[in-house]
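Chains as they are written, first to last, in my numbering: chain A, 431 to 859; chain B, 431 to 859.
One structure is given below, encoded as structure tokens.
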């Protein structure tokens, strides 16, 4: 962790730089995986599973028996916690598709937009170091609320050839049972192109390692939509001297434990807070099972003193953090000036873990500075908004002449003619 | 134009295939343009202008004098037509950012989303065969409504070194005066990286030729957002025997005149309509100034008889047209089954030209089948939706234990600890 006291504004951009990721090396590997899955389909997916997961599953599709087993394996305590999270996430995501009323933009001209679900979507759920069943909730619930017809999940199997029961339990709970045992770039390829077992989808969601991320980027070029570009996870905490250093350290560490490529930033207007937070980080770190990952992330991380809380927000807008925690005595005042952030947490009890799991907001958020130009996942991410219009004879009679003039000015005479013929039929050509 | 009578469903996918675009040849060229503009900035932009536009403009930025001149040059008739279009587009796009109310998802847990404009956006307006000032309205109006702080336009100069006055007039009308004389891949590069004259932006909008499209695709990989992937424009018209073949032919031709890579599809349940529409197309085509472009597009185009209107909609959903015109006696009945389309026009007076210019809907729409997974441009395209949450002591006391259980099940102990410490401070750790 670096401490920086009152940096010059000219140095902010440098301070906001993310740890760099090597890309070119990956691209070649991922391209070859995509090509192989495109041509050899299931056969290639099985081969990569043997190679990367160390296992050849009996079938790619999870069986009803495996799903039923998962329901037996999960403790009532966890089931209850999942039920609470589910309810809050559902409540929050239900409010995200309010239909817009039709508008008469001009006499005789009615226009409206309609939310229509993307028919086929694929959700990628990482396996690896943590069984991210919370992501099943965060992607599965809005896909169901949007009304997607085909929702599939791909997730890598463990060395026992099975997907973690927490993932299976959560998926079946929200009504998703087309679940496939494959991970990495091959899973993204399978969803993008389709195989004998795995259906092709139109949009792919979900986090993953660099292979997954690169594969999503490459299939996007071929017309498959993706939720958003991805990078390592990050959090920025702003506090004044009134905040509890223990809480701040805990929030920074909960971000840092995601992986050694994560980044955390702490901003304050109070120099003494830096030492207090640092001490707490060192103390709490010792007790963490994922201590090594967190330590790695802390190496990329910075504690920065700035002249005022307003300037902290200004800095944060340059950084554009995925998670922004504002733990000051009047967080609403600062919140009003947030321009670039994925999700914002106000006050000392609004910890990032709450949003990660159970408060109701989505945890699939823009990282790597993408909060400047992308939103997090919402129910809207699973629909298209299609515009409709209906024009009456009177409408075209009144509006038509303007359209004729505009089309002619753009030298598009056939566009003009489509109106002229209609005006003629109405007796005013 | 090919006529196809009652095709087998197994052949639909083949019928829905777009004319293919060669890509690899382009990519190398565009990559080198991007690299050069990234390193040499203005100097490279000027050099490409000389090479591709045949002109080296005095300065890249349009001067206030040039803008004032455009205001003098445009006729009152065109100004009036633009004013009408502007008003309708504003009305329709104003309704697209309704704020969502804050929700109490759980006792003591308040969550909400806020629309915040993307700070810096760039609008690309093609020059070339038609001065697309209507696109200035379609992109400029929602960017202003969203509240973007920096809105710039790039458009290629003509051989006189000037941007078409229709484009300048329209831009200044809606309050955009940072306009730059550059087109093609070099314009996209300049907006993505910034040069001495042209500021860097976070999201790039607008149509363009294959160089522009490829450049947008490539800068997207570097973190710049784009409106949507692009392909040639297209329309699909469905009618029964009650429709006027003259209107249908005019609509098909107004799509076809966009360029020889455009595609138009006509679907009907009535075999005789095919001949009537064909005759009208041949007749109207003769009078068109852009006859050659339209003829090229018609070569890619198809007239198809299907067993029923319901099956026409089914086919249309497989094709996923940018524009869908439903000209039947009961268009609303069919419209209810539309799943994949960019913009839908209902009834015999709702011609595509209306939506292209003046009814109020946006004309920047998903092409090339992307209507399956992308929406057209709207005011929402210019904002991020940032989520916020505020949790009280009571809220974390009640919800906290569930978060602890979920975090522990995901093996993320620091996430759990962030809650546990807060619960402890409240006396129930």
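All C-beta atoms in this analysis are idealised placements derived from N, C-alpha and C, irrespective of residue type, glycine included.
Every value quoted in this text rests on a predicted model; they were computed, and no experiment measured them.
The beta carbons of residue 693 (chain B) and residue 731 (chain B) sit about 6 Å from each other, so the pair counts as a contact at 8 Å.
Across the set B:698, B:783, B:702, the C-alpha of B:698 shows the shortest separation from the C-alpha of residue 746 (chain B). Ranked by Cα distance from residue 789 (chain B), the first of B:643, B:566, B:521, B:631 is B:521.
Between residue 442 (chain B) and the set B:735, B:636, B:505, B:582, the nearest pair of CA atoms involves B:735. Within chain B, no residue has its beta carbon less than 9 Å from that of residue 447 (chain A); the closest one is some 12 Å off.
Contact annotation: the stretch 587 to 603 of chain A touches the stretch 486 to 496 of chain A, with at least three C-beta pairs closer than 8 Å. With the rule of 3 Cβ pairs closer than 8 Å, the stretch 618 to 637 of chain B counts as touching the stretch 544 to 554 of chain B. Assigned with DSSP and collapsed to three states, residue 627 (chain B) falls in coil, not helix or strand. Of the candidates A:438, A:587, A:578, A:587 places its Cα closest to the Cα of residue 482 (chain A).
Taken in chain order, the unbroken stretches of alpha helix (DSSP H) that lie wholly in the stretch 458 to 500 of chain A and span 4 residues or more are 472 to 478. DSSP places residue 739 (chain A) within a helical segment (H, G or I) once states are collapsed to three. Only exposed fits residue 501 (chain B), as fewer than 16 other CB atoms lie within 10 angstroms of its CB. Beta-bridge partners of residue 545 (chain A) (DSSP): A:815. When DSSP states are grouped into helix, strand and coil, residue 600 (chain A) belongs to the helix group. Residues of chain B whose Cβ lies closer than 8 Å to the Cβ of residue 752 (chain A) do not exist; the shortest such Cβ separation is about 11 Å.
A Cβ-Cβ distance of about 6 Å is found for the pair residue 800 (chain A) and residue 658 (chain A), placing them in contact under the 8 Å criterion. Judged by their CB atoms, residue 854 (chain B) and residue 626 (chain B) are not nearer to each other than the 9 Å cut-off. Taking residue 765 (chain A) as the centre and dropping the five residues before and after it, the same chain places the C-beta of 756, 774, 776 closer than 7 Å to its C-beta, in chain order. Residues of chain B with a Cβ closer than 8 Å to the Cβ of residue 719 (chain A) are, in chain order, 841, 843. Look at residue 537 (chain B) here: in three-state DSSP terms it is coil, with no helix or strand label. Taking every protein chain shown into account, the CB of residue 540 (chain B) has 16 or more other CB atoms within 10 angstroms, so this residue is buried.
Contact annotation: residue 782 (chain B) and residue 845 (chain A) have beta-carbon atoms nearer than 9 Å. Counting only runs of 4+ residues, the alpha helix (DSSP H) found wholly inside the stretch 642 to 710 of chain A occupies 675 to 686, in chain order. Following the DSSP letters along the chain, one finds residue 774 (chain A) inside the beta strand (DSSP E) bounded by residues 773 to 776. Between residue 645 (chain A) and residue 619 (chain A), the CB-CB gap stays under 9 Å.
Contacts between residue 638 (chain B) and chain A, judged by CB atoms closer than 9 Å, are missing: the closest CB pair is about 16 Å apart. For residue 584 (chain B), not one C-beta of chain A is nearer than 9 Å to its own C-beta. DSSP places residue 786 (chain A) inside the alpha helix (DSSP H), whose first and last residues are 782 to 787. With fewer than 16 neighbouring CB atoms inside 10 Å of its own CB, residue 701 (chain A) falls in the exposed class.
Taking the Cα positions, residue 696 (chain A) is about 8 Å away from residue 682 (chain A). At a cut-off of 9 Å, the C-beta of residue 530 (chain A) has a neighbouring C-beta in chain B. Between residue 547 (chain B) and the set A:798, A:675, A:767, the nearest pair of CA atoms involves A:767. Between the stretch 812 to 827 of chain B and the stretch 805 to 817 of chain A, the count of Cβ pairs shorter than 8 Å is three or higher; the stretches touch. For residue 852 (chain A), the neighbours in chain B by C-beta distance under 7 Å run, in chain order, 677, 779, 781. Of the candidates A:532, A:526, A:533, the residue whose Cα lies closest to the Cα of residue 531 (chain B) is A:526. Listed in chain order, the non-local C-beta contacts of residue 742 (chain B) below 6 Å within the same chain comprise 668, 697, 736, local neighbours out to five positions each way being set aside.
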